[in-house]
Every structure is written in structure tokens, then in C-alpha cells.
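Residue numbers (the working numbering): 379 to 486. All C-beta atoms, glycine included, are put in the ideal place defined by N, C-alpha and C. Just so you know, these numbers come straight off a predicted model, no measurement behind them. This report refers to the structure that appears directly beneath it.
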């Protein structure tokens, strides 16, 4: 994925002495598509999946389409804050999942 390296937006102030933050940002830029892929899977399962188990072909198709979306978002991430928007979406979905209480059935 050399084109993602060309689209990297982070340039450390001192490339000879990288801080922990600089190292993390360079790693995140290098693995942008994979990070977005994992975030898309999390958003799907937290927000849209009615059940976790699906037939294998549908699951494979889902992952292929999510990876294609991750590649598109990796290209857009150069100009737009896609990764941070995905983190906000995951945080909102986690809050919603935690706040929704399962329907309690009463036995009589």
C-alpha cells in the first residue's frame, strides 16, 4: 500500500528523534486502512447487526465490502477527519448499547 504512504499527512518535527506520539502517528498513518477496517467492523456489530452469527458467505461478503469501504475511507482520510469521526461513532454506539437495558421478562 505505497499510495497510502504517499498520502501520509503527518510529518514529525524532528525525524531523527521520534517521541512516542510521533511513533504512534507514523504507525497510524502507515496502517490507516486496517484501522478503519476494524472501526467499520465495530460500528457494524455495535449499531446494525441484529445477530452476530450469519451464514459464512454473507460474512465473507460483509468483510470484503467493509474492507473496500475502509480503503475508500483511507483515501478520504487525507482530506477529512475520517478516523476521528469513526471513533466518535463507536463511542456513541457504545453509550447507546450500554444505556439500552434488555427487556426484562417477568415470570409469574
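Backbone CA spacing between residue i and residue j [nearest angstrom]
i           : j           : result
residue 421 : residue 412 : 14 Å
residue 435 : residue 425 : 21 Å
residue 381 : residue 406 : Any answer about residue 381 is weak, because its pLDDT of 49 lies below 50 and its placement is not dependable; what the coordinates show is given next. Using only the alpha carbons, I get a separation of about 15 Å.
residue 427 : residue 450 : 22 Å
residue 460 : residue 408 : 15 Å
residue 322 : residue 397 : In this structure the chain extends from 379 to 486, so residue 322 is not present and cannot be described.
residue 456 : residue 462 : 12 Å
residue 394 : residue 443 : 39 Å
residue 438 : residue 445 : 11 Å
residue 433 : residue 392 : 50 Å
Neighbourhood of residue i by C-beta, 6 Å cutoff - its chain only, sequence neighbours within 5 removed
i           : result
residue 448 : 411, 414, 415, 418
residue 400 : 390
residue 476 : none
residue 470 : none
Per-residue DSSP class, three states only, for residue i
i           : result
residue 462 : helix
residue 422 : helix
residue 437 : helix
residue 403 : helix
residue 477 : helix
residue 416 : helix
Integer-rounded CB distance, given that residue j should sit under 8 Å from residue i
i           : j           : result
residue 388 : residue 403 : 5 Å
Close beta carbons around residue i, own chain, < 8 Å, minus the five adjacent residues each side
i           : result
residue 465 : 417
residue 430 : 423
Cutoff 7 Å; reference residue i; Cβ partners in own chain excluding five residues on either side
i           : result
residue 452 : 382, 410, 411, 414
residue 472 : 424
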